[in-house]
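Participant: This is the structure I have questions about; it appears just below.
2 protein chains.
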Amino acid sequence: MTTIYERRARLLGPHMTTFYKEPVHVARGEGVYLWDTDGRQYLDCYNNVPHVGHCHPKVVEAIASQAAVLNTHTRYVHDGIVEYGEALTAKFDHDLDSMVMVCSGSEANDVALRMAQAMTGKTGVITTDNTYHGNTTAVSQLNTSKVPIGGFQEHVQRAPAPDNMMPPGGTREGQAAAFAEGVKQAIAALEENGHGVSALIVCPYFANEGFPTLDAGFLDEAIALVRAAGGIIIADEVQPGFGRIGSHWWGHQKLNFAPDIVTLGKPMGNGHPVAAVITRPEILTCFQEGFKYFNTFGGNPVSAAAAMAVLNVIEDEKLVENAKEVGAYALDLLGELQKRHDVIADVRGSGLFFGAELWRDGKPATALCDAVVEEMRHTGVLLHTEGRFDNTLKIRPPCVFTKENADQLAEVMDAALEKVA
Amino acid sequence: MTTIYERRARLLGPHMTTFYKEPVHVARGEGVYLWDTDGRQYLDCYNNVPHVGHCHPKVVEAIASQAAVLNTHTRYVHDGIVEYGEALTAKFDHDLDSMVMVCSGSEANDVALRMAQAMTGKTGVITTDNTYHGNTTAVSQLNTSKVPIGGFQEHVQRAPAPDNMMPPGGTREGQAAAFAEGVKQAIAALEENGHGVSALIVCPYFANEGFPTLDAGFLDEAIALVRAAGGIIIADEVQPGFGRIGSHWWGHQKLNFAPDIVTLGKPMGNGHPVAAVITRPEILTCFQEGFKYFNTFGGNPVSAAAAMAVLNVIEDEKLVENAKEVGAYALDLLGELQKRHDVIADVRGSGLFFGAELWRDGKPATALCDAVVEEMRHTGVLLHTEGRFDNTLKIRPPCVFTKENADQLAEVMDAALEKVA
Chain U
1 MTTIYERRAR
11 LLGPHMTTFY
21 KEPVHVARGE
31 GVYLWDTDGR
41 QYLDCYNNVP
51 HVGHCHPKVV
61 EAIASQAAVL
71 NTHTRYVHDG
81 IVEYGEALTA
91 KFDHDLDSMV
101 MVCSGSEAND
111 VALRMAQAMT
121 GKTGVITTDN
131 TYHGNTTAVS
141 QLNTSKVPIG
151 GFQEHVQRAP
161 APDNMMPPGG
171 TREGQAAAFA
181 EGVKQAIAAL
191 EENGHGVSAL
201 IVCPYFANEG
211 FPTLDAGFLD
221 EAIALVRAAG
231 GIIIADEVQP
241 GFGRIGSHWW
251 GHQKLNFAPD
261 IVTLGKPMGN
271 GHPVAAVITR
281 PEILTCFQEG
291 FKYFNTFGGN
301 PVSAAAAMAV
311 LNVIEDEKLV
321 ENAKEVGAYA
331 LDLLGELQKR
341 HDVIADVRGS
351 GLFFGAELWR
361 DGKPATALCD
371 AVVEEMRHTG
381 VLLHTEGRFD
391 NTLKIRPPCV
401 FTKENADQLA
411 EVMDAALEKV
421 A
Chain R
1001 MTTIYERRAR
1011 LLGPHMTTFY
1021 KEPVHVARGE
1031 GVYLWDTDGR
1041 QYLDCYNNVP
1051 HVGHCHPKVV
1061 EAIASQAAVL
1071 NTHTRYVHDG
1081 IVEYGEALTA
1091 KFDHDLDSMV
1101 MVCSGSEAND
1111 VALRMAQAMT
1121 GKTGVITTDN
1131 TYHGNTTAVS
1141 QLNTSKVPIG
1151 GFQEHVQRAP
1161 APDNMMPPGG
1171 TREGQAAAFA
1181 EGVKQAIAAL
1191 EENGHGVSAL
1201 IVCPYFANEG
1211 FPTLDAGFLD
1221 EAIALVRAAG
1231 GIIIADEVQP
1241 GFGRIGSHWW
1251 GHQKLNFAPD
1261 IVTLGKPMGN
1271 GHPVAAVITR
1281 PEILTCFQEG
1291 FKYFNTFGGN
1301 PVSAAAAMAV
1311 LNVIEDEKLV
1321 ENAKEVGAYA
1331 LDLLGELQKR
1341 HDVIADVRGS
1351 GLFFGAELWR
1361 DGKPATALCD
1371 AVVEEMRHTG
1381 VLLHTEGRFD
1391 NTLKIRPPCV
1401 FTKENADQLA
1411 EVMDAALEKV
1421 A
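Protein sequences, first through last, are from chains U and R. For the first sequence, counting from 1, position 418 maps to 418 in our numbering; every step adds exactly one. In our numbering, each residue carries its 1-based index in the second sequence increased by 1000.
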């Protein structure tokens, strides 16, 4: 008999990988928990898409109710997208009160890059040397995990990503200057090759870069250089946004800078495919005049209803405050583990986006990190790895995560480190 | 007091246009009907996204049920995507039994173009000179409605689109040869400029080109040239697919050719943001080895459930047969109108995708066509325009459209033509 794993590999391709050597065959989710088809429960410490908890009843109800009443596109006028967009943009300063709704963070960044082109008349983009911003043809040029066919294009130039353990420039304190120097060189390269600078695009939490510990003002010098070269600033808030980092609603608030464009995705609809670009009115107008753009599914009434429900639940259940409080508690627990496990070289994070970096014998402990993840999966706790060497345990649970959940996470991690380290 | 229209323009931008001079402020949908906020009913003769009818209860139930149980991504194993993919690919011949699920037709075509690159090692693309395939940066290079900033790129070459009233080559019979000649020139240009031929991408119903009347075999000569040049064939089935054309499930079956890649979108989830690329296993493998690709929302359990419900409803309610029968009936009614209205120069279509082209004084009657659409909107029937000169009334209703609906459509169109022609 053909197993579900074989059928899946045949249908979706042999390279459609899963998490974990023994994949989790999921059946049900609720809050911070997932259950597999054998009824086994897992504490989900990794998934940021179910931002307000797996299958939150208010989001489910919003989707079900609106799907039963109307679901069309934005060539008609509907209150849902307008009410949501007004509520969402109210969460931003810096005159960021215009919106394009799309279906994925990738589509959002694809639009953002064109907005920057339209606004500046230039095509060069600066990003970090260890990043991921999505999967469209244009956006995947920014990614560093795999060289695309035909190679990387010269309109993308990279500055060295900040890093707690191996900071560019040699010290954590010197990273802002090192990053600015990298941006300066990228600007020079783009001016030399004729593309010019349209934008600096960064995740303000440097999530895929390994979420290094950075002070407010970290980007100030780099941003000043980009602006002086005529470029604008895109903050990809797909990972830090919607209050996950606890201290603020958005990553750019934590670093204290004013983006021109913000992109949003994964957590926005708690799993419903919805994403958005937030920008200033003049940039939106310039984009619409430069490019013809219409997104059939973007901002449909059901997507708007799902996203509005998420926004309301974040407020009603005080999930930003929860992320701050439980995140700080959990980080303390990891700090305790660090005292007892030499392999934990660094513990860091903000709110419910934190982790522990593993080193051994003066080197990133990639294989060990993977072994810890696998062991924890078998003990019922799901997380994954991150960072340049995949040697950081990345913890990014639904924002309804509790202190009791954090206790379980720490206990299971402790045991896993005991066993495999 | 600020109106919803003003709030919308402020939030979504002044260029976020609506259908109709007086936009429809929608509140509710059911079957083939929409209602506005004043409770006024409209017969929807245009929207293909609600393929099985606005708010079909079985699709709503599928979405609501699955959203309440689980919604994660495909890094875990879930039965839903596998069961759906197997059911969907069973609708295809030509060894098209591998699938990538994404969120929009644009994402699907963006992936399809990269699959062709990975498979052929070339980057040139051939399409028609009057087309639209989506909105990502890469895919929008195919579109002809607006020149993108920086101009069209030379890796896209175009063959003249077939057309009932102004056929390339001078006669309808000669169009296949004329199209093949255009493709031949495009191939020569791509070989000359170094891109080579990765793919011919066409909607097999030439929907955006004005859905000209074409016989099976129309593309055979062009396809043979593309294959001889090393390229592959992408059929964009976003508009004709899922049985809308009545005679077949897919447009490529009607033209009787074997695509290497098929892209699907709008109707697939009846409004839920879901889309897919269907291809042969070796092409999917080649793509996955050439590019790193993962789509967070693509193929999630709720999207798979919505799409599976649509597939089941099409079968259970015999909607392909309905499209064929009601479409033929409606086309006859348009034929009757043609006898009484000189401005109707051509009536054409297949299944529930048909229309009437308006000419006056030997010229495309663009303004008149628009006036008919506006008049019909005020009489409670929604449709829109299509074709190179926007002088074709485009009718593409939900596939639950009945003969009584067709009677109403014809009556209202008759009256509108009386009034404005």
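All residues carry an ideal CB built from backbone N, CA and C; glycine is no exception.
Using a beta-carbon distance below 7 angstroms, is R/N1071 in contact with chain U?
Facilitator: Your numbering for residue 1071 of chain R matches position 71 in the second sequence. Yes - at least one Cβ of chain U is within 7 angstroms of the one on R/N1071.
Participant: Using 8 angstroms for Cβ pairs, my map puts R/N1208 next to R/E1386. What's the rounded Cβ distance?
Facilitator: Position 208 of the second sequence, counting from 1, holds the residue named residue 1208 of chain R. Position 386 of the second sequence, counting from 1, holds the residue named residue 1386 of chain R. Right, their Cβ atoms sit about 7 angstroms apart.
Participant: Once DSSP output is grouped into helix, strand and coil, what is the label at U/V32?
Facilitator: Sequence index remark: in the first sequence, residue 32 of chain U carries index 32 (1-based). U/V32 falls in the coil class under three-state DSSP.
Participant: Can you give the Cα-Cα distance for R/K1122 and R/G1194, rounded to whole angstroms?
Facilitator: The residue labelled residue 1122 of chain R in the question sits at position 122 within the second sequence. The residue labelled residue 1194 of chain R in the question sits at position 194 within the second sequence. For R/K1122 and R/G1194, the distance between alpha carbons rounds to 9 angstroms.
Participant: Rounded to a whole number of angstroms, what is the C-alpha to C-alpha distance between U/M165 and U/L190?
Facilitator: Your numbering for residue 165 of chain U matches position 165 in the first sequence. Your numbering for residue 190 of chain U matches position 190 in the first sequence. Approximately 30 angstroms between the Cα atoms of the pair.
Participant: Please report how far the alpha carbon of R/G1105 lies from the alpha carbon of U/A416, in whole angstroms.
Facilitator: Your numbering for residue 1105 of chain R matches position 105 in the second sequence. Your numbering for residue 416 of chain U matches position 416 in the first sequence. Whole-angstrom Cα-Cα distance: 44 angstroms.
Participant: Note down, in chain order, each residue of its chain lying with its Cβ closer than 8 angstroms to the Cβ of U/V302, except the 5 sequence neighbours on either side.
Facilitator: The residue labelled residue 302 of chain U in the question sits at position 302 within the first sequence. Only I63, Q66, A67, N71, H272 meet the Cβ criterion.
Participant: What's the call for U/Q141, buried or exposed, on a 16-neighbour Cβ count within 10 Å?
Facilitator: Within the first sequence, residue 141 of chain U is the residue found at index 141, counting from 1. With 16 or more other Cβ atoms within 10 Å, it is buried.
Participant: Which class does R/I1395 belong to by DSSP, given the choice of helix, strand or coil?
Facilitator: By 1-based counting over the second sequence, the position of residue 1395 of chain R is 395. Three-state result, R/I1395: strand.
Participant: Kindly indicate if chain U contains any beta-carbon less than 7 angstroms away from that of R/K1363.
Facilitator: As a working note, residue 1363 of chain R is residue 363 in the second sequence. It does not: the Cβ of R/K1363 has no partner Cβ on chain U nearer than 7 angstroms.
Participant: Starting from the N-terminal side, write out each stretch of the alpha helix (DSSP H) that is 4 residues or longer and does not extend beyond the region 347-388 of chain U.
Facilitator: Those alpha helix (DSSP H) runs which fall completely within the region 347-388 of chain U and span 4+ residues are 366-378.
Participant: Please tell me whether U/D110 has its Cβ less than 7 angstroms away from any Cβ of chain R.
Facilitator: For the purposes of this step, residue 110 of chain U is identified with residue 110 of the first sequence, where counting begins at 1. Interface flag for U/D110 against chain R is set, since a Cβ pair is found closer than 7 angstroms.
Participant: Counting pairs of beta carbons, one from the region 1256-1267 of chain R and one from the region 1086-1101 of chain R, are three or more of them closer than 8 angstroms?
Facilitator: yes
Participant: Under 7 angstroms between C-beta atoms, does R/Q1153 make it to chain U?
Facilitator: By one-based count along the second sequence, residue 1153 of chain R stands at place 153. With its beta carbon at least 7 angstroms from every one in chain U, R/Q1153 lies outside the interface.
Participant: Can you tell me which of the three DSSP states U/H25 falls into?
Facilitator: Here residue 25 of chain U is taken as the residue at index 25 of the first sequence, counted from 1. Strand.
Participant: Counting only the same chain and skipping the five closest in sequence on each side, list residues whose C-beta sits under 7 angstroms from that of R/C1055.
Facilitator: Counting from 1 along the second sequence, the entry for residue 1055 of chain R is found at position 55. For R/C1055, where only same-chain residues beyond five positions count, the Cβ hits under 7 angstroms are G1029, E1030.
Participant: With a cut-off of 7 angstroms, does the C-beta of U/V432 fall near any C-beta of chain R?
Facilitator: Residue 432 of chain U is absent from the model: chain U starts at 1 and stops at 421.
Participant: Of all the CB atoms in chain R, is at least one closer than 7 angstroms to the CB of U/N130?
Facilitator: Taking the first sequence and counting its residues from 1, one reaches residue 130 of chain U at position 130. It does not: the Cβ of U/N130 has no partner Cβ on chain R nearer than 7 angstroms.
Participant: Taking a Cβ distance cut-off of 7 angstroms, strictly less, list which residues of the region 1224-1243 of chain R are near chain U, in chain order.
Facilitator: none
Participant: Per DSSP, U/N270 is paired with what?
Facilitator: Counting from one through the first sequence, the residue named residue 270 of chain U turns up at place 270. Answer by DSSP bridge pairing, in chain order: U/H272.
Participant: Taking only beta-carbon positions, decide if R/H1051 is within less than 7 angstroms of chain U.
Facilitator: Working through the second sequence from its first residue, we reach residue 1051 of chain R at position 51. Contact with chain U is absent for R/H1051, since none of that chain's Cβ atoms lies less than 7 angstroms from the residue's Cβ.
Participant: Quick one: complete alpha helix (DSSP H) runs, 4+ long, within the region 293-320 of chain U?
Facilitator: 301-316
Participant: Pop quiz: R/A1309 and R/G1243 are said to be a contact at Cβ under 8 angstroms. What is the actual Cβ separation, rounded to whole angstroms?
Facilitator: Here the question's residue 1309 of chain R lines up with position 309 in the second sequence. Here the question's residue 1243 of chain R lines up with position 243 in the second sequence. Wrong, their Cβ atoms sit about 15 angstroms apart, outside the cutoff.
Participant: Counting only beta-carbon atoms, is U/V430 nearer than 7 angstroms to chain R?
Facilitator: A question about residue 430 of chain U goes unanswered here, because the residues of chain U that appear run from 1 up to 421.
Participant: Reducing DSSP to helix, strand and coil, say where U/G124 ends up.
Facilitator: The residue you call residue 124 of chain U lines up with position 124 of the first sequence. Three-state DSSP puts U/G124 in a strand.
Participant: With distance defined between alpha-carbon atoms, name the residue in R/A1224, R/W1249, R/V1077 nearest to R/G1299.
Facilitator: Within the second sequence, residue 1299 of chain R is the residue found at index 299, counting from 1. Selected option, being the one with the closest Cα: R/V1077.
Participant: Looking at R/A1178 and R/F1218, is the spacing between their C-beta atoms short of 7 angstroms?
Facilitator: The sequence position of residue 1218 of chain R within the second sequence is 218, counting from 1. The sequence position of residue 1178 of chain R within the second sequence is 178, counting from 1. Not in contact: R/F1218 and R/A1178 (Cβ atoms no closer than 7 angstroms).
Participant: Using the Cβ count rule (16 or more neighbours within 10 Å means buried), how would you classify R/H1051?
Facilitator: Your numbering for residue 1051 of chain R matches position 51 in the second sequence. With 16 or more Cβ atoms within 10 Å of its Cβ, R/H1051 is classed as buried.
Participant: If you check the beta carbons only, do R/Q1288 and U/H133 fall under 7 angstroms apart?
Facilitator: By one-based count along the second sequence, residue 1288 of chain R stands at place 288. By one-based count along the first sequence, residue 133 of chain U stands at place 133. Contact: no.
Participant: Is any beta-carbon of chain U found at less than 7 angstroms from that of R/L1311?
Facilitator: On the second sequence, residue 1311 of chain R is found 311 positions in, with the first residue counted as 1. No, R/L1311 lies away from the interface with chain U (no Cβ there is under 7 angstroms from its Cβ).
Participant: If you pair each beta-carbon of the region 220-230 of chain U with each one of the region 393-404 of chain U, do three or more pairs fall below 8 angstroms?
Facilitator: no
Participant: Output the distance between the C-alpha atoms of R/G1351 and R/K1292, rounded to the nearest integer angstrom.
Facilitator: Looking up residue 1351 of chain R in the second sequence gives position 351. Looking up residue 1292 of chain R in the second sequence gives position 292. If you draw a straight line from the Cα of R/G1351 to the Cα of R/K1292, it is about 39 angstroms long.
Participant: Look at the Cβ atom of U/V125, then the Cβ atom of U/V111, and state whether they are nearer than 7 angstroms.
Facilitator: Position 125 of the first sequence holds residue 125 of chain U. Position 111 of the first sequence holds residue 111 of chain U. Their beta carbons are not under 7 angstroms apart, which means U/V125 does not touch U/V111 by this criterion.
Participant: If you scan the region 32-116 of chain U from start to end, which runs of the alpha helix (DSSP H) of 4 or more residues do you find wholly inside it?
Facilitator: With a minimum length of 4 residues, the continuous alpha helix (DSSP H) runs that stay inside the region 32-116 of chain U are 57-69, 79-89.
Participant: Using the C-alpha atoms, what's the distance from R/K1091 back to R/A1009?
Facilitator: Here residue 1009 of chain R corresponds to residue number 9 of the second sequence, with the count starting at 1. Here residue 1091 of chain R corresponds to residue number 91 of the second sequence, with the count starting at 1. When rounded, the distance between both Cα atoms is 43 angstroms.
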